[in-house]
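Chemist: Just dropping this structure here.
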Amino acid sequence: MGIEKIIEMVKAAFNVWEWECYIGDNWTEEHKAKDIVISTLEKQKPKRPKVRGLLFYSYHMYGNCPCCKGQVEENWRFCPWCGQAIDWGDDDD
Ligand SMILES: [Zn+2]
1 MGIEKIIEMV KAAFNVWEWE CYIGDNWTEE HKAKDIVIST LEKQKPKRPK
51 VRGLLFYSYH MYGNCPCCKG QVEENWRFCP WCGQAIDWGD DDD
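The letter at position 35 of the sequence shown is residue 35 when you use this note's numbering, and the numbering goes up by one with no holes.
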């Protein structure tokens, strides 16, 4: 199952839940929870880093995470700082 489909399902589930459970204007906690769930899922979608150059000691590319701007290296599939999946564009899996 693709991540897009999962995000769609989660958003739909939250919408139904909000509609069925609406009891007032105090939605702060619920919206916070929804935002955290959606943004966590969004990070599973690989994004291209901003490539800065080559590391002199390993000949790996390095760059900045598209999400938090932390430094990431070519052989890293996830940003260690924020969990964003990184797409280096070097394979198709
Ligand atoms: Zn990051």
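Note that the Cβ used here is the ideal one computed from N, Cα and C, for glycine as well. Keep in mind the model is a prediction, meaning the values are calculated, not measured.
#1: Output the residue ranges of the beta strand (DSSP E) runs that lie fully inside the stretch 21–91 and measure 3 residues or longer, sorted by chain position.
#2: Distance, Cα to Cα, L55 vs E74?
#3: Quick one: what's got a C-beta closer than 8 Å to K45's C-beta in the same chain, skipping five residues either side?
#4: Between the Cα of L41 and the Cα atoms of G89, D87, K11, W88, which residue gives the shortest distance?
#5: For ligand 1, is there a heavy atom less than 7 Å away from the beta-carbon of W110?
#6: Under the assumption that L62 contacts R52 (Cβ atoms under 8 Å), give the Cβ distance between them as a whole number of angstroms.
#7: Taking 7 Å as the cut-off, is the C-beta of G70 nearer than that to any heavy atom in ligand 1?
#8: By how many angstroms is the C-alpha of C79 removed from the C-alpha of I36?
#9: Once DSSP output is grouped into helix, strand and coil, what is the label at M1?
Modeler: The answer reads as follows:
#1: The qualifying runs are 50–54, 61–64, 71–73.
#2: If you take the alpha carbons of L55 and E74, they lie about 10 Å apart.
#3: So the list reads I3, E4, A85, once near-sequence residues are dropped.
#4: Of G89, D87, K11, W88, the residue nearest in Cα terms is K11.
#5: Given a span of 1 to 93 for the chain in the structure shown, any question on residue 110 remains unanswerable.
#6: Before going on, a small fix: residue 62 reads as Tyr here, not Leu. With a Cβ gap of about 6 Å, Y62 and R52 count as contacting.
#7: Within the chosen limit of 7 Å, ligand 1 reaches the beta carbon of G70 through at least one heavy atom.
#8: Rounded to whole angstroms, the separation of the alpha carbons of C79 and I36 is 17 Å.
#9: The answer is coil: DSSP assigns M1 none of H, G, I, E or B.
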